[in-house]
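Read the structure below first, then the notes.
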Amino acid sequence: MTDKYSDIIHLPYQKSKKRPPMLNSHRAAQFAPFAALTGHDMAVREVARLTVDKLELDESSITRLNEKIQRLKEHLLNQPRVTITYFQHDEKKSGGVYVTTDGYVKKIDDYHNTLVMSQGTLISFSDIFDIECHELFCHDESF
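The sequence shown begins at 33 in my numbering and counts up by one.
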């Protein structure tokens, strides 16, 4: 490489007499990343985001969950503290994720088959995978 430019490498830089020097902020813009496809990065991230299929519970697990919900209804005035693992459907893709939330049961709506947590989370009975109760009345065979 030195042989190719050896005749001019020692010469001083010649500034343009017609144009002013470029500002550093404009010069930096020349090296900024260029996204030719708008939204492509977001689309790639969306495809890479993992979801899982909802697990189907067997009859004994469904019966056990129904018993736990019934027990929570009986003690609803105490706002029992529970940890619930439930399936959260994905809005954009098929499947979803399993979420575990910890809090107090505020309301059980039999008409809509939902459980309302104190922080406002609505959980459908059909999406509940497991309920773990932290109250004294829960510590027997049914929980």
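We put the CB at the ideal spot given by N, CA and C, even for glycine. In this text the structure is predicted, and so the values were computed from the model without any measurement.
>> Let me check understanding here. Comparing Cα to Cα, which of Val84, Leu69, Val76 lies closest to Gln120?
In response: Residue 120 sits at position 88 when you count from the first residue of the sequence shown. Among Val84, Leu69, Val76, the Cα nearest to that of Gln120 is on Val84.
> Is it right to say Val114 is buried, meaning 16 or more other beta carbons lie within 10 angstroms of its own, or is it exposed?
Replying inline: Taking the first residue of the sequence shown as position 1, residue 114 is located at position 82. That one is buried.
>> So, at 8 Å on beta carbons, what are the nonlocal neighbours of Thr153 in its own chain, with the 5 sequence-adjacent residues on each side left out?
In response: On the sequence shown, residue 153 is found 121 positions in, with the first residue counted as 1. Result list for Thr153: Thr133, Gly135, in chain order.
> What is the DSSP secondary structure of Arg51, counted as helix, strand or coil?
Replying inline: In the sequence shown, residue 51 corresponds to position 19, counting from 1. Correct three-state label for Arg51: coil.
> Measuring CB to CB, does Val131 end up less than 8 Å from Lys138?
Replying inline: What you label residue 131 is simply residue 99 of the sequence shown in a count that begins at 1. What you label residue 138 is simply residue 106 of the sequence shown in a count that begins at 1. No, they are not a contact pair.
> Considering only residues of the stretch 116-158, which uninterrupted beta strand (DSSP E) runs meet the minimum length of 3 residues and lie entirely inside it, listed in chain order?
Replying inline: Counting whole runs of 3 or more residues, the stretch 116-158 contains the beta strand (DSSP E) stretches 128-141, 146-149, 154-156.
>> Cutting at 6 Å between CB atoms, please list the residues of its own chain near Asp159, excluding the five before and the five after it.
In response: The residue labelled residue 159 in the question sits at position 127 within the sequence shown. Here the set comprises Tyr118, Phe119.
> Going by beta carbon distance, what residues of the same chain come within less than 7 Å of Glu78, once the five residues before and after it are set aside?
Replying inline: Here residue 78 refers to the residue found at position 46 when the sequence shown is read from its first residue. Lys124.
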